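Engineer: Submitted below is the structure of interest, expressed as structure tokens.
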């Protein structure tokens, strides 16, 4: 069996106001935390191949 090359990505756009606001870092951290279960699932799936 061959593992096909696939690309997956997660993204979120921030407005200029959000980027310059005091809660920008917290928003980035929240986005990373939200994506973590998905990344862990992909890692587990690849480890079992």
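Residue numbers (my numbering): 14 to 62. Using N, Cα and C, we set each Cβ at its ideal position, and we do this for glycine too. Just so it is clear, the structure is predicted and the values come from calculations on it, not from any experiment.
(1) Residues in its own chain within less than 7 angstroms of residue 31 by CB, not counting five upstream and five downstream?
(2) What residue from 45, 33, 17 and 19 has the CA that sits closest to residue 25's CA?
(3) If contacts are defined as beta-carbon pairs under 8 angstroms, then residue 43 and residue 23 qualify, I think. What distance do you get, rounded to the angstrom?
(4) For the alpha helix (DSSP H) holding residue 29, just list the boundary residues, first then last.
(5) Tell me whether the beta-carbon of residue 55 lies closer than 8 angstroms to the beta-carbon of residue 21.
Structural biologist: Looking at the coordinates:
(1) Once the five neighbours on either side are set aside, the close Cβ partners of residue 31 are 37 and 40.
(2) Looking at 45, 33, 17 and 19, the one whose alpha-carbon comes closest to that of residue 25 is 45.
(3) About 13 angstroms separates the beta carbons of residue 43 and residue 23, which is beyond the 8 angstroms limit, so they are not a contact pair.
(4) 29-33 is the extent of the alpha helix (DSSP H) around residue 29.
(5) Yes; because the gap between Cβ atoms is below 8 angstroms, this pair is in contact.
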